[in-house]
Amino acid sequence: MAERKPVIITPEQLEEQRQYMQEILCLPQRPKSYFVVTYGCQMNAHDSEILAGMLRDMDMTEAPDREQADFVIFNTCCVRDNAERRALGNVTWLKEVRKRNPNLIIAVCGCMIQQPGMAEKILKQYRFIDLAFGTSNLYKLPELLCRTLNSDRAVVVVEDEDTIAEDLPVKRLRNDAAYITIMYGCDNFCSYCIVPYVRGRERSREMEAILAEAQQLKDSGVKEIMLLGQNVNSYGKGLEGHVTFAELLRKLDKMGIPRIRFMTSHPKDLSDELIEVMGKSKHILPQFHLPVQAGNDEILRQMNRRYTREQYLNRVRTLRAAVPGIGLTTDIIVGFPGETEEQFQDTMSLVKEVGYDSAFTFIYSPRTGTKAAAMENQIPEDVATDRIQRLIALQDECQKQAMGRFVGMEEEVLVEGLSRRSNTAVSGKGRHGVSITLPGSEADIGQIVRVRVTEIKNNTLMAERI
Ligand code: SF4
Numbered sequence: 366m367a368e369r370k371p372v373i374i375t376p377e378q379l380e381e382q383r384q385y386m387q388e389i390l391c392l393p394q395r396p397k398s399y400f401v402v403t404y405g406c407q408m409n410a411h412d413s414e415i416l417a418g419m420l421r422d423m424d425m426t427e428a429p430d431r432e433q434a435d436f437v438i439f440n441t442c443c444v445r446d447n448a449e450r451r452a453l454g455n456v457t458w459l460k461e462v463r464k465r466n467p468n469l470i471i472a473v474c475g476c477m478i479q480q481p482g483m484a485e486k487i488l489k490q491y492r493f494i495d496l497a498f499g500t501s502n503l504y505k506l507p508e509l510l511c512r513t514l515n516s517d518r519a520v521v522v523v524e525d526e527d528t529i530a531e532d533l534p535v536k537r538l539r540n541d542a543a544y545i546t547i548m549y550g551c552d553n554f555c556s557y558c559i560v561p562y563v564r565g566r567e568r569s570r571e572m573e574a575i576l577a578e579a580q581q582l583k584d585s586g587v588k589e590i591m592l593l594g595q596n597v598n599s600y601g602k603g604l605e606g607h608v609t610f611a612e613l614l615r616k617l618d619k620m621g622i623p624r625i626r627f628m629t630s631h632p633k634d635l636s637d638e639l640i641e642v643m644g645k646s647k648h649i650l651p652q653f654h655l656p657v658q659a660g661n662d663e664i665l666r667q668m669n670r671r672y673t674r675e676q677y678l679n680r681v682r683t684l685r686a687a688v689p690g691i692g693l694t695t696d697i698i699v700g701f702p703g704e705t706e707e708q709f710q711d712t713m714s715l716v717k718e719v720g721y722d723s724a725f726t727f728i729y730s731p732r733t734g735t736k737a738a739a740m741e742n743q744i745p746e747d748v749a750t751d752r753i754q755r756l757i758a759l760q761d762e763c764q765k766q767a768m769g770r771f772v773g774m775e776e777e778v779l780v781e782g783l784s785r786r787s788n789t790a791v792s793g794k795g796r797h798g799v800s801i802t803l804p805g806s807e808a809d810i811g812q813i814v815r816v817r818v819t820e821i822k823n824n825t826l827m828a829e830r831i
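Sequential numbering of the sequence shown, starting at 366, is according to my numbering.
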């Protein structure tokens, strides 16, 4: 793998973007409202908060929906085939809205655009798109929008750079909980995954910048932070000195933010040091998302995951010993090329053995440009569908059993909103990452409430206030 140095965006480059913001404010044809449509993971959701922050600073207001906006940005994802198809379907639908609002500006950004030749292809097939830009150009939105407003041709900018931009404006979705991206990209090249090709090489933000952002969030009353990265466990690679994720967590724990979570982890990088920090910390929540992907060693090897089933199970045992009752969740792919029924049964037995609180299960979908897409023995759809159904049924059973440990237990819930089933109940996540419903009202939203879990109803924990 060729070494690539991250490109740090300088304060001068950011100042240049602020000047574009000023220029846009003077343009009579500038859009007055915006809407950002987000696909994919939390990292994309946080990128959308940054897009919204820049648009707010250009004096635009958020429209109630995409049909009423003057400027619509689709922040796309290409990790799974259906997210890509959904994004393109929705972009096409906006063509009709353009007939009613000829001044509508349509932009597409995110990792789908970062695939080689994709931006040009999209613009050829979807001629009504005005602007397309890749993930590394996010910070340039003011400049790109300015160019779009001054041009009658589509603007396309996709650079193959691994950028890090600090101090961008952010319009956060919630006041009580916030995302902090601590690293970008990925170096792992799992054979089925497109991320390293579209999000670039792994690069970490300086620890001081992350701590300063966390402190600012704490001062503004945020009760929970979620640290984001494709593989947070390898945070620090490439930074000067011995900088590790465990060290970052240790420092954040001392800061006193009530709840700290993180996502996503790679089992091969889950160090004893990190587990020890989790075991001793006060504020790092007892939950861990540890994607296993498969339970068979040969499939794991073909996936280029670089751990065995036994090594994975060893990490699970060590985590459980250090953090008793920890909430474990995972990602699993079924129907990977060449997967036999016997190999699939190894995944089933691993799921039983671990007893996850929840699992995101997927049928393997080939992504152009990845190693697995070129493998022979792609699994027929009906076989993969049958396997995922059996896996989901098993996970449902295991989940019910795993949930049982919470009944009678005290928990703390960060209330996210009114319950969908009743307006005298609210729901949110407990410290272990499981959804809990409790009696309450709108006034509880954003508060941490102590509860005792009383029963399990439809896979949800029900609780009473203490
Ligand atoms: S660790 Fe593997 S699955 Fe995760 S983003 Fe990197 S390449 Fe993709």
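Think of the CB as a built atom: it goes at the ideal place given N, C-alpha and C, for glycine as much as any other residue.
{"Item": "Starting from Pro804, trace the beta strand (DSSP E) in both directions and tell me its first and last residue.", "Value": "Ser800 to Pro804"}
{"Item": "As a quick check of your reading: which residues have a C-beta less than 6 Å from at least one non-hydrogen atom of ligand 1, in chain order?", "Value": "Cys551, Asn553, Phe554, Cys555, Cys558, Val560, Pro561, Gln595, Asn596 and His631"}
{"Item": "Go through its chain and collect everything with a Cβ distance to Arg463's Cβ below 8 Å, but skip five positions before and after it.", "Value": "Leu469, Ile471 and Phe493"}
{"Item": "For Asp517, which three-state DSSP category applies?", "Value": "coil"}
{"Item": "Compute the Euclidean distance between the alpha carbons of Ala448 and Asn466, then round it to the nearest angstrom.", "Value": "27 Å"}
{"Item": "Would you say Val778 and Gly795 are within 7 Å of each other, going by their C-beta atoms?", "Value": "yes"}
{"Item": "My understanding is that Gly782 touches Val791, with C-beta atoms under 8 Å, so please give their C-beta distance in whole angstroms.", "Value": "7 Å"}
{"Item": "Any contact of the stretch 760-775 with the stretch 802-810, i.e. 3+ C-beta pairs under 8 Å?", "Value": "no"}
{"Item": "By how many angstroms is the C-alpha of Tyr385 removed from the C-alpha of Lys460?", "Value": "28 Å"}
{"Item": "Below 8 Å on the Cβ atoms is my contact criterion, and I expect Met591 with Arg568 to pass it. Report the Cβ-Cβ distance as a whole number of Å.", "Value": "With a Cβ gap of about 19 Å, Met591 and Arg568 do not count as contacting."}
{"Item": "How many Å lie between Asn661 and Ile698 at the Cα?", "Value": "12 Å"}
{"Item": "Could you tell me which uninterrupted alpha helix (DSSP H) segments, each at least 4 residues in length, are contained entirely in the stretch 588-672, listed from first to last along the chain?", "Value": "610-620, 637-645 and 662-667"}
{"Item": "Between which residues of its own chain and Cys442 is the CB-CB distance below 8 Å, once the five residues before and five after are set aside?", "Value": "Tyr404, Gly405, Cys406, Asn409, Ala448, Glu449, Ala452, Gly475, Cys476 and Met477"}
{"Item": "Just to confirm, are Gly720 and Val688 a CB contact at a threshold of 7 Å?", "Value": "no"}
{"Item": "Taking the beta strand (DSSP E) that Met827 falls in, what are its first and last residues?", "Value": "Thr825 to Arg830"}
{"Item": "Measuring straight from C-alpha to C-alpha, what distance separates Phe554 and Ala758?", "Value": "30 Å"}
{"Item": "Please classify Ser501: does DSSP put it in a helix, a strand, or coil?", "Value": "helix"}
{"Item": "Could you tell me if Ile438 is buried or exposed, where buried requires 16 or more neighbouring beta carbons within 10 angstroms of its beta carbon?", "Value": "buried"}
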